[in-house]
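Undergrad: The structure follows.
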Amino acid sequence: MEPVIRVENLVKRYGSRGLGRRAEAFTAVDSVSFSILPGCTLALVGESGSGKSSMALCLSCLERVTAGQIWFEGRDLAGLREKELRSVRPKLQLVFQDPANSLNTRWTVGEIVAEPLLVRGRISKRERDARAAQMLEHVGLGAEYLRRRPRELSGGQRQRVAIARALVLEPRLLILDEVLSALDCSIQAQIANLLVELQRSYGLAYLFITHDWKMAAHLADEIAVMSHGKIVEQGAAEKIVRYASSPETRRLLGAPPVGREAMEAVPKP
Amino acid sequence: MAQHEVITEEKAHLRQILEVRDLRVAYGRRDGGVLHALNGVSFGVGAGEILAVLGESGSGKSTLAAALLRLLPPSGRITGGEILLEGADVVRMGAVELRRMRGSGVSIIFQEPSLALHPTIRIGDQVAEVLRAHQALSKRGRAERAREILAKVFSDDVQRICSSYPHELSGGQQQRGLIAQAIACEPALVIADEPTASLDPSTQREILALFQSLRDKLGIAFIFITHNPALLAGFADRVLVVYAGKVAEVGPTEAVLSSPRHPYTQALLKCMPQVDTTQGARRKTLLPVIAGAVPSVVSLSRGCVFEPRCEQRMEICQVHEPVAAMTGSRHEVSCLKFPA
Chain W
2 MEPVIRVENL VKRYGSRGLG RRAEAFTAVD SVSFSILPGC TLALVGESGS GKSSMALCLS
62 CLERVTAGQI WFEGRDLAGL REKELRSVRP KLQLVFQDPA NSLNTRWTVG EIVAEPLLVR
122 GRISKRERDA RAAQMLEHVG LGAEYLRRRP RELSGGQRQR VAIARALVLE PRLLILDEVL
182 SALDCSIQAQ IANLLVELQR SYGLAYLFIT HDWKMAAHLA DEIAVMSHGK IVEQGAAEKI
242 VRYASSPETR RLLGAPPVGR EAMEAVPKP
Chain P
23 MAQHEVITEE KAHLRQILEV RDLRVAYGRR DGGVLHALNG VSFGVGAGEI LAVLGESGSG
83 KSTLAAALLR LLPPSGRITG GEILLEGADV VRMGAVELRR MRGSGVSIIF QEPSLALHPT
143 IRIGDQVAEV LRAHQALSKR GRAERAREIL AKVFSDDVQR ICSSYPHELS GGQQQRGLIA
203 QAIACEPALV IADEPTASLD PSTQREILAL FQSLRDKLGI AFIFITHNPA LLAGFADRVL
263 VVYAGKVAEV GPTEAVLSSP RHPYTQALLK CMPQVDTTQG ARRKTLLPVI AGAVPSVVSL
323 SRGCVFEPRC EQRMEICQVH EPVAAMTGSR HEVSCLKFPA
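In order, the protein sequence lines correspond to chains W and P.
Taking our numbering, the leading residue of the first sequence gets 2, the next gets one more, and so forth.
Taking our numbering, the leading residue of the second sequence gets 23, the next gets one more, and so forth.
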């Protein structure tokens, strides 16, 4: 099977940090390579500052890469111009951590979910509403939410709206940047289930960025552990969890909210 | 009414510093209705104890934190109950007493350190400001004392941190700065409202370890408010589980996490993904969820508040309101499966 996305030796360096003579380049992503197959999930796990979010920005071409290639839909995104990117972007969508900040508070849910359609091209209002209602149905919210506004919704419902917006252009890859970490445990479980169901029905590929390795182990086929911009360990999810070898992975495994005591203290269902 | 006997053989030496009895808080809504956020919450905190308050959004846990310091927004009102802090009732305190109590008797740490710190004042000065409000010290004395306090929460680099502005520090360092402010006047109790929610796992672990060491060295008691059960094992002494403004269950952390009695606590813990390292993970399966949503408690209905979402509901649950029953050593649950 052909991978949905193949990243080769990706480097992202940011320009000067500090002033004058102290200025030095900062390497956020340091020759990272991976690929994701259709219907599969790669979890990118690491602490804050490890380069996970820079990765998300590079893959979605919101940041230009310094070196390396991003092969997607038969093209190298790193070499494309802004105009050419426009034809690729619908197939690759991003969902952010905090739906309270990533949704326009003044718009209705219907407007928010249908906006990508409007950006892509001419489409009648009636058709937009129909598509938005259909998307809301897919993420477990009924058409009655079309006229609601974000502040009338709970955190979990807002994240469902953000996912509906990402799905409306029928992408092949979703980049999920800490999409569960702002939510309550019971809501996390609901959204995690939604992600599993959507992947099953549409064969979506996910890049699941998180610092919660337990959720990563639950949702991902493969886990890549990032530290200081590099992937320090990568492999099948069970293998990484069972035979963690790098100190970074061990540290992640030992830290709450995922400590061994925490694991043992929680009853098996 | 639910009145805890916290004093047992192992903690018999613990003096009770906070005693909350049947606390009720309501918010006036714009449409004239009333939202009952806390509906009869009772618990105690012993000196040097870490009590975790576990609840999801809408459970009333942040209302509880604000009510304990009388920091409710104008629409919120304490409609009943007592908050006894070292014997004095916070509910009936006047402005002068309140001012003295806040900061030196009880202090609070908020969730987002980057918002809680003043962006244009150096960390050392922000700690000294707390001292100025509560202690008669010279300017130099305050600066000296602020540095001593910062040394309790930072292991090295104290001098640099003291003269740094918040934006020059990491999230974890900012949170330590807030903790320094909170402990500046050596309060008996610190309330921490989701203090680690915005931090990554290893920084979270460091902050939890800091709370424990402050408890051990300075004897400060903590009320640690969180929505994440995974943080509590090995950290909190006891856990108080709140749901819809009521206490569902309270008991020693190990007991509550390993043998939860209340159906809500059981369901909440089951929601978390289980990682079984021995027989391959149950990957990409659906996690058990709690059907429905937390009620927006507009009116006080009869019966148990969790009944509509409970998988173990019985007929009487719609009619009778559960009262707290002891189910083990210091383990109390409010569920009709456990008659008082």
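Where a beta carbon is used, it is the ideal one built from N, C-alpha and C, also for glycine.
What residues from chain P crowd round W:Asn-194, counting only those whose CB sits closer than 8 Å?
TA: Taking the first sequence and counting its residues from 1, the one referred to as residue 194 of chain W is at position 193. Neighbours of W:Asn-194 on chain P, chain order: Leu-308, Leu-309, Val-311.
Undergrad: Less than 8 Å separating the beta-carbons of W:Val-162 and W:Pro-91?
TA: Within the first sequence, residue 162 of chain W is the residue found at index 161, counting from 1. Within the first sequence, residue 91 of chain W is the residue found at index 90, counting from 1. For W:Val-162 and W:Pro-91, no; Cβs fall outside 8 Å.
Undergrad: So, using beta-carbon positions, are W:Ala-26 and W:Arg-7 closer together than 8 Å?
TA: In the first sequence, counting from the first residue as 1, residue 26 of chain W sits at position 25. In the first sequence, counting from the first residue as 1, residue 7 of chain W sits at position 6. No. Outside cutoff.
Undergrad: Contact between the stretch 159-174 of chain W and the stretch 93-113 of chain W: three or more CB pairs below 8 Å?
TA: Counting Cβ pairs under 8 Å, three or more are found: they touch.
Undergrad: Out of P:Glu-216, P:Ile-242, P:Pro-310, which has the shortest C-alpha to C-alpha gap to P:Gly-77?
TA: Stepping through the second sequence from its first residue, residue 77 of chain P is reached at position 55. Ranking the options by Cα distance to P:Gly-77, first place goes to P:Glu-216.
Undergrad: Can you look up W:Val-259 in the DSSP assignment and give me helix, strand or coil?
TA: Within the first sequence, numbered from 1, the residue matching residue 259 of chain W stands at position 258. Since pLDDT at W:Val-259 reaches only 38, below the 50 mark, its modelled position is unreliable, and no value is offered.
Undergrad: Check whether the Cβ atoms of W:Ala-44 and W:Ala-217 sit closer than 8 Å, and answer yes or no.
TA: For this step, residue 44 of chain W is matched to residue 43 along the first sequence. For this step, residue 217 of chain W is matched to residue 216 along the first sequence. The answer is yes: Cβ separation under 8 Å.
Undergrad: Who are the near neighbours of P:Val-152 in its chain, counting only those whose CB is closer than 7 Å to its CB and skipping five residues on each side?
TA: In the second sequence, residue 152 of chain P corresponds to position 130, counting from 1. Cβ within range, chain order: Gly-125, Gln-203, Ala-206, Cys-207.
Undergrad: Quick check: what's the CA-CA separation for W:Ser-36 versus W:Arg-252?
TA: Here residue 36 of chain W refers to the residue found at position 35 when the first sequence is read from its first residue. Here residue 252 of chain W refers to the residue found at position 251 when the first sequence is read from its first residue. Cα to Cα, W:Ser-36 sits roughly 25 Å from W:Arg-252.
Undergrad: Can you grab the Cα-Cα spacing for the pair P:Gly-267 / P:Leu-90, in whole Å?
TA: As a first step, residue 267 of chain P must be located in the second sequence, where it is residue number 245. As a first step, residue 90 of chain P must be located in the second sequence, where it is residue number 68. Cα to Cα, the separation comes out at about 14 Å.
Undergrad: Pairing CB atoms from the stretch 137-147 of chain P with CB atoms from the stretch 186-200 of chain P, are three or more of them under 8 Å?
TA: As far as the Cβ criterion goes, the stretch 137-147 of chain P touches the stretch 186-200 of chain P, which means the pair count is three or higher.
Undergrad: Taking C-alpha atoms, which residue in P:Arg-52, P:Gly-103, P:Leu-93, P:Arg-352 lies nearest to P:Val-63?
TA: What you label residue 63 of chain P is simply residue 41 of the second sequence in a count that begins at 1. Comparing Cα-Cα distances from P:Val-63 to each of P:Arg-52, P:Gly-103, P:Leu-93, P:Arg-352, the minimum goes to P:Gly-103.
Undergrad: Does any residue of chain P have a CB that is nearer than 8 Å to the CB of W:His-212?
TA: Here residue 212 of chain W refers to the residue found at position 211 when the first sequence is read from its first residue. For W:His-212, the answer is yes, since a Cβ of chain P falls inside 8 Å of its Cβ.
Undergrad: Is there a Cβ of chain P sitting closer than 8 Å to that of W:Val-197, yes or no?
TA: For the purposes of this step, residue 197 of chain W is taken as residue 196 along the first sequence, with counting starting at 1. Yes, contact with chain P.
Undergrad: Whole angstroms are fine: how far does the CA of P:Ala-252 sit from the CA of W:Gly-260?
TA: Your numbering for residue 260 of chain W matches position 259 in the first sequence. Your numbering for residue 252 of chain P matches position 230 in the second sequence. Low per-residue confidence applies at W:Gly-260: pLDDT is 40, beneath 50, and the placement is therefore not dependable enough to give any value.
Undergrad: I want to verify the contact list: residues of chain P whose CB lies under 9 Å from the CB of W:Ala-190, in sequence order.
TA: In the first sequence, the residue the question calls residue 190 of chain W occupies position 189. Those are Lys-292, Cys-293, Met-294, Pro-295, Leu-308, Leu-309, Pro-310, Val-311, Ile-312, listed as they occur along chain P.
Undergrad: Just curious, the alpha helix (DSSP H) that P:Arg-46 is in, first and last residue?
TA: Position 24 of the second sequence, counted from the start, is the residue given in the question as residue 46 of chain P. Element bounds for P:Arg-46: not the alpha helix (DSSP H) but the beta strand (DSSP E), 38-50.
Undergrad: For P:Glu-190 and P:His-284, what's the separation of their Cα atoms in angstroms?
TA: Position 168 of the second sequence, counting from 1, holds the residue named residue 190 of chain P. Position 262 of the second sequence, counting from 1, holds the residue named residue 284 of chain P. Each residue's alpha carbon lies about 45 Å from the other.
Undergrad: Does DSSP classify W:Asp-99 as helix, strand or coil?
TA: Working through the first sequence from its first residue, we reach residue 99 of chain W at position 98. Three-state result, W:Asp-99: coil.
Undergrad: So if DSSP puts W:Phe-35 in a beta bridge, which residue, or which two residues, is it bridged to?
TA: Counted from its first residue, the first sequence places residue 35 of chain W at position 34. W:Phe-35 is bridged to W:Val-8.
Undergrad: I want to see whether chain W comes within less than 8 Å of P:Ser-136, judged by CB atoms only; does it?
TA: Position 114 of the second sequence, counted from the first residue, corresponds to residue 136 of chain P. It does not; no Cβ of chain W falls within 8 Å.
Undergrad: Name, please, each residue of chain P whose Cβ falls closer than 8 Å to the Cβ of W:Arg-252.
TA: On the first sequence, residue 252 of chain W is found 251 positions in, with the first residue counted as 1. The answer, in chain order, is Ser-224.
Undergrad: Is W:Ile-210 near W:Ser-61, with beta carbons less than 8 Å apart?
TA: Here residue 210 of chain W refers to the residue found at position 209 of the first sequence. Here residue 61 of chain W refers to the residue found at position 60 of the first sequence. The answer is no: Cβ separation not under 8 Å.
Undergrad: Give the DSSP bridge partners of P:Leu-211, in chain order.
TA: The count along the second sequence starts at 1 and reaches residue 211 of chain P at position 189. According to DSSP, which records beta bridges pairwise, P:Leu-211 is partnered with P:Val-128, P:Ala-243.
Undergrad: Which of the residues in the stretch 41-71 of chain W, read from start to end, lie with their CB under 7 Å from any CB of chain P?
TA: Those would be Glu-48, Ser-49, in chain order.
Undergrad: Between the stretch 211-243 of chain W and chain P, which residues of the former have a C-beta closer than 7 Å to a C-beta of the latter?
TA: Of all residues in the stretch 211-243 of chain W, His-212, Lys-215, Met-216, Ala-218, His-219, Leu-220, Ala-238, Glu-239, Val-242, Arg-243 have a Cβ within less than 7 Å of some Cβ in chain P.
Undergrad: Mind checking who P:Asn-61 pairs with in its DSSP beta bridge?
TA: Numbered from 1 along the second sequence, position 39 holds the residue referred to as residue 61 of chain P. For P:Asn-61, which the question treats as bridged, DSSP gives the partners P:Arg-46.
Undergrad: Should W:Gln-158 go down as buried or exposed, given a rule of 16 or more other Cβ atoms within 10 Å for buried?
TA: Reading the first sequence from its first residue, position 157 is the one you call residue 158 of chain W. It counts as buried.
Undergrad: For P:Glu-71, I'd like the list of residues in its chain whose CB is within less than 6 Å of its CB, leaving aside the five on either flank, ordered along the chain.
TA: Stepping through the second sequence from its first residue, residue 71 of chain P is reached at position 49. Excluding sequence neighbours, P:Glu-71 sits near Ala-243, Asp-259.
Undergrad: Let me know the secondary structure DSSP gives P:Val-264 once reduced to three states.
TA: In the second sequence, residue 264 of chain P corresponds to position 242, counting from 1. Three-state result, P:Val-264: strand.
Undergrad: Would you verify that the beta carbon of W:Ser-187 is, or is not, closer than 8 Å to some beta carbon of chain P?
TA: Here residue 187 of chain W refers to the residue found at position 186 of the first sequence. Judged by the 8 Å Cβ criterion, W:Ser-187 is in contact with chain P.
Undergrad: Counting only beta-carbon atoms, is W:Gly-156 nearer than 8 Å to chain C?
TA: As a matter of chain content, chain C is missing from the structure shown, whose protein chains are W and P.
Undergrad: Does DSSP put W:Tyr-219 in a helix, in a strand, or in coil?
TA: Within the first sequence, residue 219 of chain W is the residue found at index 218, counting from 1. Correcting the residue identity first, residue 219 of chain W is His in this sequence and not Tyr. W:His-219: helix per DSSP, three-state reduction.
Undergrad: Compare the C-beta of P:Glu-78 against all C-beta atoms of chain W and say whether one is closer than 8 Å.
TA: For the purposes of this step, residue 78 of chain P is identified with residue 56 of the second sequence, where counting begins at 1. True, the Cβ-Cβ gap to chain W drops below 8 Å.
Undergrad: For P:His-353, would you say it is in contact with chain W, using Cβ-to-Cβ distances shorter than 8 Å as the test?
TA: Indexing the second sequence from 1 puts residue 353 of chain P at position 331. So no, P:His-353 is outside the interface.
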